[in-house]
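Residue numbers (this note's numbering): 198 to 535.
Following this line, the structure appears as structure tokens:
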């Protein structure tokens, strides 16, 4: 069995840009297997908008090719919608449908790249890209606002098109997290680069079902028994929290290297927001990697305090709870499989 607590992974700046493509969970998604909710036409409209966006970009002189005589300014498309409406599915589908040089990463991963490489080297690393896809675009602080505006301001005029997803309209980025009015000029500069499409609808993970809850002791024992030992890691929630404080979020994927299934025992409420946000980022990575996971302990609704769940990072916490519920549903489906 894998001892996750013994790991302290390292990561070079170059590693951050080595494989920026859809993760395992989204490797097989395509526009064709996106299932829009018929009650919310904006979902089908978003799919069509992305397909038209690609057609328009590929119709430009030279299309999505690195070597061409002149490269027109890049275009921007921004999908704004709540969690669980399929934004990441559509973003990964765009990656698979596009030609040329492209990269897909979360906004946090982009911030890690800029922080590790510096702005100049980060821009150079993506200057030859035809398309950049950024998931969960968020402006958590003034520093991120400045970095995002500078990065896009140097990259898009040189010909790189950008598709971004977010839970917040571009003109409202940063609201509730810092004094956004002081940075409205930069926020507006970001917003003006994108054509915005709103995606409405409920969380698809909870369609017709109640949110899942952690496994009971017997369920967890049965789930654990079904996992091959060589790729299994089991860790207590408190120990995991301590580990995640020591490991930078940019290294979470490396932390989980070789892990096929993860069991986290004794979930408990997190009173420290630094611990809670690290856990949120960890669940995002665990989910994206498509790993099997099971949890025991406190009900999901008790993990994050009401002040967190209705504060500046409310949408992050809601997304985390939604993804935890889906992982638990998958664990129970694994148990039910013959």
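Beta carbons: idealized from backbone N, C-alpha and C, even for Gly.
For residue i: DSSP bridge partner residues
i, result
"residue 412", "493"
"residue 432", "461"
"residue 358", "328"
"residue 392", "274"
"residue 300", "329"
"residue 501", "467"
"residue 363", "277"
"residue 199", "430"
Proximity to residue i [Cα-Cα], best of the options
i, options, result
"residue 364", "291, 200, 282 and 348", "282"
"residue 513", "473, 325 and 243", "473"
"residue 356", "297, 202 and 449", "297"
"residue 314", "346, 214 and 424", "214"
"residue 311", "280, 344, 325 and 216", "344"
"residue 399", "437, 448 and 238", "238"
"residue 466", "444, 448, 503 and 442", "503"
"residue 341", "319, 307 and 476", "307"
"residue 414", "499, 322, 444 and 495", "495"
Own chain partners of residue i with C-beta closer than 7 Å, once the 5 adjacent residues on each side are dropped
i, result
"residue 288", "301, 330, 332, 360 and 362"
"residue 376", "Annotation note: pLDDT 42 at residue 376 (below 50); position unreliable, coordinate value reported separately. If we look at residue 376 and ignore the five residues flanking it on each side, it has no Cβ neighbours."
"residue 390", "273, 349 and 353"
"residue 526", "409"
"residue 585", "Only positions 198 to 535 of the chain appear in the structure, and residue 585 is not among them; the question remains open."
"residue 347", "316"
"residue 437", "461"
"residue 179", "Nothing about residue 179 can be read from this structure; the chain reaches only from 198 to 535."
"residue 470", "505"
Contact check, residue i vs residue j, beta carbons under 9 Å
i, j, result
"residue 533", "residue 490", "no"
"residue 294", "residue 327", "no"
"residue 231", "residue 393", "no"
"residue 309", "residue 206", "no"
"residue 434", "residue 461", "yes"
"residue 204", "residue 488", "no"
"residue 226", "residue 219", "yes"
"residue 249", "residue 228", "no"
"residue 251", "residue 291", "yes"
"residue 210", "residue 324", "no"
Neighbourhood of residue i by C-beta distance below 6 Å, restricted to the same chain and skipping five residues each side
i, result
"residue 429", "198 and 458"
"residue 530", "none"
"residue 412", "491 and 493"
"residue 271", "353, 356, 357 and 358"
"residue 266", "Note that residue 266 has pLDDT 49, beneath the 50 cutoff, so the model's placement of it is unreliable and the number below is only indicative. Excluding sequence neighbours, residue 266 sits near nothing in its chain."
"residue 369", "In this prediction, residue 369 has a pLDDT of 48, which is less than 50 and means its spatial position is unreliable; what the coordinates show is noted afterwards. Nothing listed; no residue qualifies."
Integer Cβ distance of residue i from residue j, believed to fall under 8 Å
i, j, result
"residue 492", "residue 464", "5 Å"
"residue 517", "residue 480", "5 Å"
"residue 278", "residue 396", "3 Å"
"residue 440", "residue 202", "6 Å"
"residue 519", "residue 280", "5 Å"
"residue 208", "residue 475", "Contact doesn't hold; Cβ gap of about 16 Å is too wide."
"residue 432", "residue 421", "About 12 Å separates the two Cβ atoms, so there is no contact after all."
Chain-order list of residues whose beta-carbon lies under 8 Å from that of residue i (same chain, five-residue window excluded)
i, result
"residue 222", "484, 485, 486 and 487"
"residue 454", "206"
"residue 450", "482 and 486"
"residue 216", "none"
The ligand NAP heavy atom lying under 8 Å from the CB of residue i
i, result
"residue 429", "Of the ligands one can find in the structure shown there are none, so the ligand NAP has no counterpart to examine."
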